[in-house]
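Scroll down for the structure; my scribbles are underneath it.
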Amino acid sequence: MRRFAKYRAAAAIALLVAARSAVAAQPAAQPAPPPAPSAPAASPAPAIPDSGDPRIRIQLVSRDQVDVSSEISAKIASLPFRDGDAFRAGQTLVTLDCSLFNAQLHKAQADADGARDLLDVNRKLQALHSIGELEVQQAQAKQKASAADVAYMQATVRKCAIAAPFDGRVSKRSASPQQFAEPGKPLLTIIDTSHLELKMIVPSKWLAWLKPGHALNVQVDEVGRTYPAKVARIGARVDPVTQTVDVTASLTGSAPELLPGMSGWATFAR
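Going left to right, the sequence shown walks through residues -24 to -1, 1 to 246 as mature numbering (1 follows the signal peptide of the UniProt record, and there is no 0) numbers them.
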């Protein structure tokens, strides 16, 4: 039994030594590579850069646009300007046939002359004690009424010609000569091309540095040229949804080749 136990112990030791030798003979296990970092989710690029030379889309608009209409009912005698024609401030845009109103003005002037002569005669008669104060007062009232009629007819006749309020161009002609003009009905649509403004929408965070008078350059797509401008006005409120604000700029020089409706890019120096 002792001999059998010795054989068993020797066999166990031999197996243990063989197992250790096999483990030592195997190549060392390489450590697992670290997991690759996941790519960050792509975010949309901002529409306007926050550094460098920020650019923003702009559109040119006319500072003033007017629908020219008549204040009196009369036939159109002359309408010399057509769509696209340029005009200067003070030029006559519309002439109405006011022969009837001129005749009424002449009648009112004649009545005023008669009332004035009557008042002069009554004052002389009053000095001679031939008439009383009442007759003089009645003549004075008639003279004032006739003078008011003259002033009314003069104002009416002045409305027979409509002059241009500014330098500009005709955007749309809605009537023709010999048509009847009705009060308030548009005859022409005119725009002021001498004072163009730039309309744009910028991020509200730009208000930290964008102020009235800030200089910018405007590249107009239609003509392929760049013009200097400056911020004229900043909107009175920020849109709470888009976090943007309206900005209006004005050109610093004359650019007769530019027209309302053109568009381009504004570059701000910061």
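Glycine included, every Cβ here is placed at the ideal spot set by N, Cα and C.
Nonlocal neighbours in the same chain, by C-beta distance under 8 Å from residue i, ignoring five residues either side
i	result
Gly108	Gln102
Gly60	Arg145, Val146
His82	none
Tyr128	Ala84
Ser239	Arg33, Ile34, Gln35, Leu36, Val196, Asp197, Glu198
When the options are compared against residue i, the one with the closest alpha-carbon
i	options	result
Pro153	Asp40, His171, Val37, Ile52	Ile52
Ile167	Leu69, Thr243, Ala86	Leu69
Ala208	Lys148, Lys187, Gly160	Lys187
Gly200	Ala151, Glu233, Thr165	Glu233
Val37	Val223, Ala124, Phe57	Val223
Val44	Ala84, Pro159, Thr165, Asp96	Thr165
Ile34	Glu198, Pro216, Val217	Glu198
Ile138	Ser239, Gln114, Ile48	Ile48
Thr228	Met238, Glu173, Ala79	Glu173
Thr202	Thr243, Gln130, Gly237, Val217	Thr243
Val133	Phe77, Ile177, Ser239	Phe77
Lys206	Ala191, Pro216, Val217	Ala191
Whole-angstrom distance between residue j and residue i, CA atom to CA atom
i	j	result
Ser230	Arg39	14 Å
Ala21	Lys135	Caution applies to Ala21, whose pLDDT of 34 falls short of 50 and renders its modelled position unreliable; the value that the coordinates give is listed next. In a straight line, the C-alpha of Ala21 is about 58 Å away from that of Lys135.
Ala50	Ser122	24 Å
Trp241	Gly66	35 Å
Ala245	Gly189	12 Å
Gln195	Arg31	10 Å
Lys175	Val214	15 Å
His171	Leu95	54 Å
Ser226	Asn193	11 Å
Trp182	Leu235	28 Å
Val42	Ala124	31 Å
Asp73	Ser106	48 Å
Pro162	Arg149	9 Å
residue 252	Ala184	The question about residue 252 has no answer here: the residues shown for the chain are numbered -24 through 246.
Phe57	Ala140	11 Å
Ser75	Ala157	15 Å
Pro204	Gln130	47 Å
Pro159	Ser46	5 Å
Pro216	Phe142	38 Å
Gln114	Val97	12 Å
Leu110	Leu104	15 Å
Ala151	Ile177	37 Å
7 Å Cβ shell around residue i - same chain, five flanking residues per side excluded
i	result
Arg99	Val112
Gln80	Met129
Beta-bridge partners of residue i, as assigned by DSSP
i	result
Lys148	Thr165
Tyr203	Val194
Ile138	Val70
Leu241	Residue identity check: residue 241 is Trp in the sequence provided, not Leu. Answer by DSSP bridge pairing, in chain order: Arg33, Gln195.
Lys51	Asp73, Phe156
Thr224	Lys175, Arg209
Gln41	Ile167
Own chain, CB closer than 6 Å to residue i, minus 5 neighbours either side, in chain order
i	result
Gln155	Ile52
Val126	Ala84, Gln85, Ala88
Gly211	Val221, Asp222
Thr169	Gly144, Arg145
Thr71	Ala53, Ser54, Ala137
Ala62	Arg145
Gly237	none
With a threshold of 8 Å, are at least 3 pairs of Cβ atoms found where one atom belongs to the region 116 to 123 and the other to the region 85 to 96? yes
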